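Heads up: the sequence shown begins at 3 in the numbering used here, then just goes up one per residue. The structure appears below as structure tokens.
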Amino acid sequence: MSKGLPKRSEDYSLWYNELVKRADLAENSAVRGCMVIKPYGYSIWEKMQAELDRMFKETGHVNAYFPLFIPKSYLSKEANHVQGFAKECAVVTHYRLKNAEDGSGIIVDPDAKLEEELIVRPTSETVIWSTYKNWVQSYRDLPLLINQWANVVRWEMRTRLFLRTSEFLWQEGHTAHATKSEAEAETLQMMEVYAQFAEEFMALPVVKGRKTASERFAGADDTLCIEAMMQDGKALQAGTSHFLGQNFAKAFDVKFATKEGGLEYVWGTSWGVSTRLMGALIMAHSDDNGLVLPPKLAPFQVVIIPIYRSDEEFEAVSKKSKELMKSLRGAGISVKFDDRDTQKPGWKFAEYELKGVPVRIAIGPRDLENGTIELARRDTLTKEQFELASMPLETKIAGLLEEIQTNIFEKANSFKQEMTTEVNSWDEFKQVLKEKAGFLSAHWDGTSETEEKIKELTKATIRCIPLNQKAEKGTCVLTGNPSSGRALFAKSY
């Protein structure tokens, strides 16, 4: 199973790709640039969906669904938006196929050309705002707090499973408000929701910040984000929340009658996370033995493996295993009992270690005699003998799962802190980036020219301007020009 898995220290990229495949998370599809998410991988995504969906609804949002296809003319209505996505769009030009007259196969029917080409959804602002025009007439219709779970297509030349594929799954929130302050509060709130989800469920510490003008979403006035640190010292953008101002409302003429009787454009936001979070989960926590999954997102939190030599022993061990499984499930703990007779226990141990199952229980005839079981933790790879009479098993496992969740977060948080370096000169910037990588906190003069020059020279980009940092005057590490604060630089995915 994990035998032969490349080491992170030797080839991090190969380690990641092999782990995704061997752990049965996903594989490349026959369609270039797209992936097949396998059941085990999809079950993790379903857990992410369920928690995020609950959090969205707790903040007043509701789900809807909008078309996959967007008329080309819609994209051109918001200038910055079309410029931002034009190079990534997949375009539908015809609506019918036919058999070739020479019998060579199926061809596109040249007589079936669409009057207007359709764009396969790269993001839904335009089609949603064209709909909002029909939904909003008065201040009584606001706010609109809509979320959509969907797939999108952004044409990619170089792909990597979960991190960058031509088609991926995501959610996209789109809200409309009567005032600027309401929309700004929504933008901040959803960034905080993402940060809470990342830290409480993914055990992933993040930096909350603001994107620079050149990095913000195409068509937005402001973009907030959460940034995470991967084990190879590269950053990964884990979620974004955009304040759209009145840009899309003006593009699609979405106005509302105010309480005072006037007519104004509404204020908008959009926000989203995608299956890229799967990549973050894998790269932030896993080791050379395979996946390490936080219990809150593991497809099953406990696996029970019976050890036996005869049918009689199997019957006895199986009966006890099912009793344990029933009590754990009754306490809300997800359990799998692996009673396959096609694989030996040692093989199963390696399989579930590779798949990152948080807790493994092994039980055999001697355990039945002694009233014990063996508990193994995936995060620390430690084992212990547990006496079933000492306390209820569900109490023990619940505490263990909480301990594992906390331990995984604290380990990742210590790493993030260790990989965050304050630099004050250009030589120091280059040296740290080369020898250590990670987040570099450095003064920047605030110009897009300097930002682009640093990217050109080092491949490091400004991940964000951290929201919690204090104002601090200094000089830009590259130009020496005055700086009003630090930015967080890193190489990234």
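For each residue, glycine too, the CB sits at the ideal point set by N, CA and C. Values in this document were obtained by computation on a predicted structure and should not be read as measured data.
For this session: Please work out which residues of its chain come closer than 6 Å, Cβ to Cβ, to R362, disregarding the five sequence neighbours upstream and downstream, and give them in chain order.
Result: Counting from 1 along the sequence shown, the entry for residue 362 is found at position 360. Within the same chain, R362 has close Cβ partners V305, Y354, A378.
Problem set entry | Backbone CA spacing between M159 and L165 [nearest angstrom] | Locating residue 159 in the sequence shown gives position 157, counting from the first residue. Locating residue 165 in the sequence shown gives position 163, counting from the first residue. Cα to Cα, the separation comes out at about 13 Å.
Exercise. For the region 474 to 493 against the region 444 to 458, are there 3 or more C-beta pairs whose distance is under 8 Å?
Worked result: yes
For this session: Rounded to whole angstroms, what's the CA-CA distance from A197 to P207? Just pull it up for me.
Result: Locating residue 197 in the sequence shown gives position 195, counting from the first residue. Locating residue 207 in the sequence shown gives position 205, counting from the first residue. Taking the straight line from one Cα to the other gives about 8 Å.
Problem set entry | Supposed close pair V22, L238 - CB separation, criterion 8 Å | What you label residue 22 is simply residue 20 of the sequence shown in a count that begins at 1. What you label residue 238 is simply residue 236 of the sequence shown in a count that begins at 1. That pair is no contact at about 15 Å.
Exercise. To which residues does DSSP link R379 through a beta bridge?
Worked result: What you label residue 379 is simply residue 377 of the sequence shown in a count that begins at 1. Beta-bridge pairing links R379 to V361.
Problem set entry | Complete runs of the beta strand (DSSP E) confined to the region 4 to 49 [at least 3 residues] | 28 to 30, 37 to 39
Exercise. Between which two residues does the beta strand (DSSP E) carrying Y501 extend?
Worked result: For residue 501 there is no data in the structure shown, the boundaries of the chain being 3 and 495.
Problem set entry | Check whether T460 and L435 have beta carbons under 8 Å apart | Counting from 1 along the sequence shown, the entry for residue 460 is found at position 458. Counting from 1 along the sequence shown, the entry for residue 435 is found at position 433. Yes; because the gap between Cβ atoms is below 8 Å, this pair is in contact.
Problem set entry | Residues near K79 in its chain [Cβ-Cβ closer than 6 Å; skip 5 each side] | Locating residue 79 in the sequence shown gives position 77, where the first residue counts as 1. If we look at K79 and ignore the five residues flanking it on each side, its Cβ neighbours are A253.
Problem set entry | 3-residue-minimum beta strand (DSSP E) runs that sit fully inside the region 123 to 178, ordered along the chain | 146 to 155
Problem set entry | Coarse secondary structure for L295, derived from DSSP in three states | Numbered from its first residue, the sequence shown carries residue 295 at position 293. Three-state DSSP puts L295 in coil, outside helix and strand.
For this session: Ignoring anything shorter than 3 residues or poking outside the region 323 to 349, list the beta strand (DSSP E) runs there in chain order.
Result: 337 to 339
For this session: Have a look at I109 and L116 and give me their C-alpha separation to the nearest angstrom.
Result: One-based indexing of the sequence shown puts residue 109 at position 107. One-based indexing of the sequence shown puts residue 116 at position 114. When rounded, the distance between both Cα atoms is 16 Å.
Problem set entry | C-alpha distance - E389 paired with T242, whole-angstrom precision | Looking up residue 389 in the sequence shown gives position 387. Looking up residue 242 in the sequence shown gives position 240. If I take the Cα positions, the gap works out to 47 Å.
Exercise. Taking buried to mean at least 16 other C-beta atoms within 10 Å of its own C-beta, is Y76 buried or exposed?
Worked result: Position 74 of the sequence shown, counted from the start, is the residue given in the question as residue 76. Answer is buried; the Cβ neighbour count reaches 16.
Exercise. So, is G175 buried or exposed, given that buried needs 16 or more other C-beta atoms within 10 angstroms?
Worked result: By one-based count along the sequence shown, residue 175 stands at place 173. The residue is buried, with at least 16 neighbouring Cβ atoms inside 10 Å.
Problem set entry | Minimum length 4: unbroken alpha helix (DSSP H) runs contained in the region 425 to 492 | 428 to 437, 450 to 460
Problem set entry | Where the alpha helix (DSSP H) containing S416 begins and where it ends | As a working mapping, residue 416 is identified with position 414 in the sequence shown. Here the alpha helix (DSSP H) through S416 covers 395 to 420.
For this session: Tell me, to the nearest whole angstrom, how far the beta carbon of A220 is from that of Q85; I am working on the premise that it is less than 8 Å.
Result: Mapped onto the sequence shown, residue 220 falls at position 218. Mapped onto the sequence shown, residue 85 falls at position 83. The pair is a contact, with the Cβ atoms about 6 Å apart (cut-off 8 Å).
Problem set entry | Nearest candidate by alpha-carbon position, reference C466, set E169, K210, T61 | For this step, residue 466 is matched to residue 464 along the sequence shown. It is K210 whose Cα lies nearest to the Cα of C466.
Problem set entry | Cα-Cα separation, K350 to A222 | Here residue 350 refers to the residue found at position 348 when the sequence shown is read from its first residue. Here residue 222 refers to the residue found at position 220 when the sequence shown is read from its first residue. Rounded to whole angstroms, K350 to A222 spans 50 Å at the Cα level.
Exercise. DSSP three-state call for M232: helix, strand or coil?
Worked result: Mapped onto the sequence shown, residue 232 falls at position 230. Coil.
Problem set entry | V208 (DSSP reduced to helix, strand or coil) | Your numbering for residue 208 matches position 206 in the sequence shown. If DSSP states are grouped into helix, strand and coil, V208 belongs with coil.
Exercise. Relative to the C-alpha of L395, which residue among K322, F417, T422, T125 is closest?
Worked result: To locate residue 395, count along the sequence shown from 1; it is residue 393. Among K322, F417, T422, T125, the Cα nearest to that of L395 is on K322.
For this session: Select from T177, A178, V155, K472 the residue whose C-alpha is nearest the C-alpha of T167.
Result: Residue mapping note: residue 167 aligns to position 165 of the sequence shown, counting from 1. Taking only the C-alpha atoms, the option nearest T167 is V155.
Problem set entry | Rounded C-alpha distance that separates Y42 from F316 | Mapped onto the sequence shown, residue 42 falls at position 40. Mapped onto the sequence shown, residue 316 falls at position 314. The alpha-carbon atoms of Y42 and F316 are separated by roughly 27 Å.
Problem set entry | Nearest to V425 (by Cα), restricted to the options F441, K413, L54, E412 | The count along the sequence shown starts at 1 and reaches residue 425 at position 423. It is F441 whose Cα lies nearest to the Cα of V425.
Exercise. If you compare alpha carbons, which of D343, E376, M280 is closest to Y44?
Worked result: One-based indexing of the sequence shown puts residue 44 at position 42. Minimum Cα distance to Y44 is reached at M280.
Exercise. Taking Cβ positions only, does T95 come closer than 8 Å to chain D?
Worked result: In the structure shown, chain D does not exist; there is a single protein chain.
For this session: Return yes when the Cβ of L144 is within less than 8 Å of the Cβ of H179, no when it is not.
Result: Taking the first residue of the sequence shown as 1, we reach residue 179 at position 177. Taking the first residue of the sequence shown as 1, we reach residue 144 at position 142. In contact: H179 and L144 (Cβ atoms closer than 8 Å).
Exercise. Across which residues does DSSP place V275 in a beta bridge pair?
Worked result: Locating residue 275 in the sequence shown gives position 273, where the first residue counts as 1. Note: V275 sits in a beta bridge opposite Q173.
Exercise. Since Q387 is in the beta strand (DSSP E), which residue starts that stretch and which ends it?
Worked result: Translated into positions along the sequence shown, residue 387 becomes position 385. Run containing Q387: 385 to 389, per the beta strand (DSSP E) assignment.
Exercise. For A282, does the three-state DSSP call read helix, strand or coil?
Worked result: Here residue 282 is taken as the residue at index 280 of the sequence shown, counted from 1. Correct three-state label for A282: helix.
Exercise. Taking just the CA atoms, how far does A230 sit from L480?
Worked result: Mapped onto the sequence shown, residue 480 falls at position 478. Mapped onto the sequence shown, residue 230 falls at position 228. For L480 and A230, the distance between alpha carbons rounds to 25 Å.
For this session: Determine, using beta-carbon pairs with one atom in the region 244 to 252 and one in the region 266 to 282, whether at least three such pairs fall under 8 Å.
Result: yes
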